Amino acid sequence: MLTVLDKTFVPFIDHETLQNRIAELAHQINRDYAGRRPLIVGVLNGAVLFTADLLKNLTIDCEITFIRVASYEQTASTGQVKQILGLTEAVEGRDLIVVEDIVDTGLTIVEVYRLLMAQKPASVAIATLLFKPAALQTPMHLEYIGFSIENKFVVGYGLDYNGLGRNTKDIYVLKES
Ligand code: XMP
Ligand code: MG
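The UniProt record's numbering puts the first residue of the sequence shown at 1, with every later residue one more than the last.
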């Protein structure tokens, strides 16, 4: 059990399961991007741990950068996405791999995709650790999905509830009351 502020969470995906799946995703990326030099674009804050663990398993030449967007209030998406910290490197003509913690309604990733495409990269692929298919509001192609999960609120391993709960090795799900 994990208590974050006023909410109780129960274990959902443990550390070992996460690490095994992340190694598999990295393996696919190593294969798909062999001979290329992608720019990995981690989406702060939530994807910080996933990005780090993915990177440790990449054997191809790659560069890493981060962007920061915010959209989420408490445990429901507001649908408003603002870019707080943008890219400083030139992405024109580059192969980008966007690394996200979770695609829920999809509003954030659609907006990130739009912002990046405006800078004319050669390609943009999305790698998300978690995906809630039942919550998706706009169709969006996700090249690399760690786990498809039910439409329930999760925390841990980078994911937060009102800023807290990011610093765990496992992922937890909101306890049914
Ligand atoms: P959308 O709805 O735009 O959401 O796809 C994307 C962003 O919202 C955050 N998010 C969550 N954070 N538990 C969290 O801790 C969740 O269940 C959850 N669902 C969405 C997350 O930052 C993601 O990038
Ligand atoms: Mg996020």
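Just so it is clear, CB atoms sit at the ideal spot from N, CA and C, and this is done for glycine as well.
All values derive from a computational prediction rather than experimental measurement.
Near ligand 1: residue i beta-carbon under 7 angstroms from a heavy atom
i           : result
Asp6        : no
Tyr161      : yes
Thr108      : yes
Phe9        : no
Glu176      : no
residue 183 : Look at the range of the chain in this structure, 1 to 177, and you will see that residue 183 is not part of it.
Phe153      : yes
Asp101      : yes
Coil, strand or helix - residue i by DSSP
i      : result
Ile60  : coil
Leu159 : strand
Ala47  : coil
Ala23  : helix
Ala52  : helix
Asp87  : Strictly speaking, residue 87 in this sequence is Leu, with Asp absent from that position. Three-state result, Leu87: coil.
Arg31  : helix
N-terminal and C-terminal residue of the beta strand (DSSP E) that residue i is part of
i           : result
residue 195 : The chain is shown only over 1 to 177; residue 195 falls outside these bounds and no answer can be derived.
Thr8        : Lys7 to Ile13
Ala3        : For the record, residue 3 in the displayed sequence is Thr; it is not Ala. Where Thr3 is concerned, the enclosing beta strand (DSSP E) stretches over Leu2 to Val4.
Cβ of residue i within 8 angstroms of any chain C Cβ
i      : result
Gln137 : No chain C appears in the structure shown, which is made up of a single protein chain.
Enclosing alpha helix (DSSP H) for residue i [first to last residue]
i      : result
Val98  : Per DSSP, Val98 belongs to no alpha helix (DSSP H); it is in the beta strand (DSSP E), Asp95 to Val103.
Tyr113 : Leu107 to Met117
Residue i Cβ short of 7 angstroms to ligand 3 heavy atom set
i      : result
Glu150 : Judged by which ligands are present, ligand 3 is missing from the structure shown, whose ligands are ligand 1 and ligand 2.
Inset, instruction - Just list the beta strand (DSSP E) runs in the region 125 to 150, keeping only unbroken ones of 3 residues or longer that don't cross its boundaries, in chain order. - result: Secondary structure in the region 125 to 150: the beta strand (DSSP E) runs of 3 residues or longer, each lying completely within the stretch, are 144 to 148 in chain order.
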